[in-house]
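The numbers in this note's numbering rise by one with no breaks, and the one at position 127 of the sequence shown is 123.
The beta-carbon is built from N, C-alpha and C at its ideal position, and this holds for glycine as well.
Just so it is clear, the structure is predicted and the values come from calculations on it, not from any experiment.
A short write-up of the structure that comes next.
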Amino acid sequence: MNPMSLRRERERGRVVPSRRRLSEAELVSRGKGGGQRELSINRRVRSHVARLMAPPTPFGVTTSVTRYPVEWNGAASKNCFGETAPVGGWNYTAPYPDQTQVIKGVIKAMTSPAALLDITALSELRKDGHPSVYSGDLTPEQRANPDRSADCSHWCLPGLPDTWNLLLYTALFFA
């Protein structure tokens, strides 16, 4: 959008999201001190909600948490290499309860009806739900050391995204 269009949209009372994203360093620095972390999270969530409520675009909006190999429990599962089954015998606890509360508060305060379909626990249990070293894009050196090169930040194999889509379809169908 050009500056004139942005001004017209603001004058009409429509929400226009900011185009400038804060760097991770800026977010961390704002997160220090009493209440600043919650304020930073709240601003980020409100900005994300503003983008969701803006006029539709052909692109979807998703939010995901990055996971790294060292976050898996147990010596044998510190990476994704060789993993082909979901995590077993694990009790799920939300990894970011403060962020979850802020998101729920923003949704509750919205004037337009909105719902949160939290698929975090489902996704957390799928350590096999990402390409990791199976993507074929790794060098022989990277394959020799999967603990350093396993990509645990993407959940791209068929299965998990298909499950997300089925859950979303069901939620929309029965809403």
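Query: Neighbourhood of W160 by C-beta distance below 7 Å, restricted to the same chain and skipping five residues each side; Result: I115
Query: Close Cβ partners of R42 (< 7 Å) along its chain, the five nearest in sequence each way excluded; Result: V102
Query: Between the CA atoms of M106 and L121 - distance to the nearest angstrom; Result: 31 Å
Query: Under 8 Å between C-beta atoms of L113 and L163; Result: yes
Query: Cα-Cα separation, F169 to I99; Result: 23 Å
Query: Residues near A167 by beta carbon distance below 6 Å, same chain, minus five either side; Result: L113
Query: Closest by C-alpha distance to L118, when choosing among R39, P109, D158; Result: D158
Query: Spatial neighbours of A111 in its chain, beta-carbon cut-off 8 Å, leaving aside the 5 residues before and after; Result: I103, A167, A171
Query: Boundaries (first-last residue) of the alpha helix (DSSP H) holding N161; Result: 156 to 169
Query: Sequence-distant residues of its chain with Cβ nearer than 6 Å to G56 (five each side left out); Result: Any reading at G56 is ruled out, since the residue's pLDDT is 47, under 50, leaving its predicted position unreliable.
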